[in-house]
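Participant:
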Amino acid sequence: MAAAQMPDLIVTVDNGISSVEGVSAAQALGISVLITDHHLPGDSLPTADVIVNPNQPECQFPSKSLAGVGVMFYVLSAVRAALRERGWFSAEGIEEPNLGDALDLVALGTVADVVPLDRNNRILVAAGLARIRAAAHGRASSAFEVAGRDHRQASAGDLGFIVGPRLNAAGRL
10 MAAAQMPDLI VTVDNGISSV EGVSAAQALG ISVLITDHHL PGDSLPTADV IVNPNQPECQ
70 FPSKSLAGVG VMFYVLSAVR AALRERGWFS AEGIEEPNLG DALDLVALGT VADVVPLDRN
130 NRILVAAGLA RIRAAAHGRA SSAFEVAGRD HRQASAGDLG FIVGPRLNAA GRL
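So the number in the working numbering is just where the residue sits in the sequence shown, counting from 1, plus 9.
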């Protein structure tokens with residue numbers, strides 16, 4: 010499918026660490042590959058241009074329990090910091106993105122992925138729940154509304170047992 014569209018870059022989220030053949034096929038077509046994943050790698054890693062995975066060999070990132078959404082959140086934070094340092098936002102006249110706006114989805118993805126709530130994940134989930142509770146309208150608060158729950162009372166249990174399963178159900182069909 011990617012070959013028909015001929016993108017310059019494929020970015021994975023929450024997968025790709027075991028896609029040795031798929032990455033090789035993409036690169037044979039001249040497509041660069043950036044893998045962001047949290048799953049444990051196999052015996053051999055894909056030859057992606059970049060792999061961001063706290064569980065890959067020799068990775069020094071202390072939080073090994075991030076969900077895929079948490080890995081991508083940190084990638085976006087690093088990209089934003091690099092662009093800020095280069096003065097890109099001001100040079101292009103573009104407002105710097107507030108990644109805090111994504112914390113509702115980071116919290117939902119972290120809890121729904123059933124990863125251990127280590128210190129780092131607890132911080133992400135707590136910040137995301139605060140955003141959900143405060144939002145009058147938004148992605149997660151809309152999901153709460155559909156589920157018949159009050160987003161102002163959102164809890165990790167709601168994310169794990171009410172909202173998350175509704176989103177994960179589509180992938181199980």
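Ideal Cβ placement from N, Cα and C applies to all residues, glycine included.
Candidates R128, L38 and Q162: which alpha carbon is nearest R140's?
Facilitator: The residue with the shortest Cα to Cα distance from R140 is Q162.
Participant: In the structure shown, what three-state DSSP assignment does V124 receive?
Facilitator: DSSP places V124 in coil when its eight states are reduced to three.
Participant: With the cut-off set at 8 Å, would you say A178 and H160 are in Cβ contact?
Facilitator: Their beta carbons are not under 8 Å apart, which means A178 does not touch H160 by this criterion.
Participant: Under a three-way DSSP split, which group does T119 fall into?
Facilitator: DSSP places T119 in helix when its eight states are reduced to three.
Participant: What number of angstroms, rounded off, separates the C-alpha of I40 from the C-alpha of R158?
Facilitator: Going from the Cα of I40 to the Cα of R158 covers about 44 Å.
Participant: Looking only at C-alpha atoms, which of A57, F98 and G79 sits nearest to P63?
Facilitator: Closest option to P63, Cα to Cα, is G79.
Participant: P106 to W97, Cα distance in whole Å?
Facilitator: Rounded to whole angstroms, P106 to W97 spans 12 Å at the Cα level.
Participant: Taking the C-alpha atoms as reference points, what is the distance between D122 and V20?
Facilitator: Cα to Cα, the separation comes out at about 20 Å.
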